[in-house]
Amino acid sequence: MPTPVLEFDEVRKRFAPDRLVLDGLRLEVLPGETVALVGPSGCGKTTALKLANRLLEPDGGVVRVFGRPAAEQEPVALRRRIGFVIQEGGLFPHWTVRENVEAVPRLLGWTPERRRERSDAMLATVGLPAGAFAPRRPASLSGGERQRVGVARALAAAPSLVLMDEPFGALDPIARREMQKEFLAWRTRWDAAVLLVTHDLGEAFRLADRVAVMASGRIRQVGPPDTLRREPADAFVREFVSEFLA
Ligand SMILES: Nc1ncnc2c1ncn2[C@@H]1O[C@H](COP(=O)(O)OP(=O)(O)OP(=O)(O)O)[C@@H](O)[C@H]1O
Ligand SMILES: [Mg+2]
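When the letters of the sequence shown are read in order and numbered with the working numbering, they come out as residues 493 to 738.
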């Protein structure tokens, strides 16, 4: 088996002595694979993503990124190699849309021409033409537009690992479908490992190679969409899946 790009190995995380959020999390994302992480609100999905790029540190177990323990990798350098779409968009408010999208390419020392070419292409991909959107600041955008700039920014430097936390959550159903189509089109051109958190199981089933259902700080089942539908591992997964298919 190829070395996972991201691996949670029996990871534990607690925020208070009596509040164990991750309780032996095991999950792998292989090169070129999209894994969707689904589960009830508060079950620890965002916490897991933050452990992957060292915004948080585990209390037990090991998080491995690019084949090495994340704990041994310098956090800033690690984050430059990981595309991260955060749940609330997370744009730099005083920067223009273009400056936001070019943030990592700039840190990586790309020339202005190369950065501009990439930011134009990424903005077009997320349906925000640079001519109209590049000079604007986040405060002047709608929530859905901000979220799309967040996606363009996370993917701008073509990272080999992408963490996406509800990347399309603020979009209306039509724009959401459009972005899902774009996502599937990018996936054919570029083989990053993607861990995608979503509340929308339909989205998970459309976009992911494997879906991981999480509850009470552990993965209850992980497998291709069809396996979850046909052979849910337990009553929780059966109910979780059936609710979204109804
Ligand atoms: N910094 C923190 N301090 C204390 N508790 C925290 C902290 N961050 C998260 N938690 C708690 O840990 C639990 C898991 O939070 P997390 O954000 O990972 O959930 P989630 O699965 O992403 O939920 P949602 O689907 O609502 O985004 C929640 O109960 C949350 O209140
Ligand atoms: Mg969350």
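Heads up, the beta-carbon is just placed ideally off N, CA and C, and yes, glycines get one too.
Sub-9 Å separation of P494 and P523 beta-carbons: Position 2 of the sequence shown, counted from the first residue, corresponds to residue 494. Position 31 of the sequence shown, counted from the first residue, corresponds to residue 523. Between P494 and P523, the gap from beta carbon to beta carbon is short of 9 Å.
Can you check whether the CB of A648 is closer than 9 Å to the CB of R610? Your numbering for residue 610 matches position 118 in the sequence shown. Your numbering for residue 648 matches position 156 in the sequence shown. In contact: R610 and A648 (Cβ atoms closer than 9 Å).
Curious, which full-length alpha helix (DSSP H) runs of at least 4 residues does the region 596-655 contain? Taking 4 residues as the minimum length, the alpha helix (DSSP H) runs contained wholly in the region 596-655 are 604-617, 622-625 and 635-647, in order along the chain.
Give me whichever residues DSSP pairs with K505 in a beta bridge. Residue 505 sits at position 13 when you count from the first residue of the sequence shown. According to DSSP, which records beta bridges pairwise, K505 is partnered with L514.
Say the cut is 8 Å; is the CB of F732 nearer than that to a heavy atom of ligand 1? The residue labelled residue 732 in the question sits at position 240 within the sequence shown. The answer is no for F732.
Contact between the region 583-592 and the region 550-566 is defined here as three or more beta-carbon pairs at a separation below 8 Å; is this criterion met? Verdict: no, contact absent.
Proximity test, S533 beta-carbon vs ligand 1 heavy atom, cut-off 8 Å: Counting from 1 along the sequence shown, the entry for residue 533 is found at position 41. Indeed, a heavy atom of ligand 1 lies less than 8 Å from the Cβ.
Rank G531, R560 and C535 by C-alpha distance to the C-alpha of N545 and give the top, closest one. For this step, residue 545 is matched to residue 53 along the sequence shown. If we check each option's Cα against that of N545, R560 comes out closest.
When the Cα atoms are used, what is the spatial distance from L519 to L570? On the sequence shown, position 27 is the one that residue 519 refers to. On the sequence shown, position 78 is the one that residue 570 refers to. Computed Cα separation, rounded: 19 Å.
Report all residues from its chain with a CB closer than 7 Å to the CB of F728; omit the five preceding and five following residues, and keep chain order. The sequence position of residue 728 within the sequence shown is 236, counting from 1. Counting only Cβ-Cβ distances below 7 Å, and skipping sequence neighbours, we find A707 and R712.
Just to confirm, is the Cβ distance from A540 to V703 under 9 Å? Locating residue 540 in the sequence shown gives position 48, where the first residue counts as 1. Locating residue 703 in the sequence shown gives position 211, where the first residue counts as 1. No, the pair does not count as a contact, with Cβ atoms beyond the cut-off.
Which residue marks the beginning of the alpha helix (DSSP H) containing V589, and which one marks its end? As a position in the sequence shown, residue 589 is number 97, starting the count at 1. Unbroken alpha helix (DSSP H) run through V589: V589 to V593.
Have a look at the DSSP bridge pairing and note the partners of L787. No answer is possible for residue 787: it lies beyond the span of the chain, which begins at 493 and ends at 738.
Whole angstroms is fine: what's the gap from V554's alpha carbon to V714's? In the sequence shown, residue 554 corresponds to position 62, counting from 1. In the sequence shown, residue 714 corresponds to position 222, counting from 1. Cα-Cα distance, rounded: 19 Å.
Relative to the C-alpha of S734, which residue among G709, L600, L693 and K673 is closest? As a working mapping, residue 734 is identified with position 242 in the sequence shown. Per the Cα distances, L693.
Would L699 and F732 be called neighbours here (beta carbons separated by less than 9 Å)? If you number the sequence shown from 1, residue 699 lands on position 207. If you number the sequence shown from 1, residue 732 lands on position 240. Contact: no.
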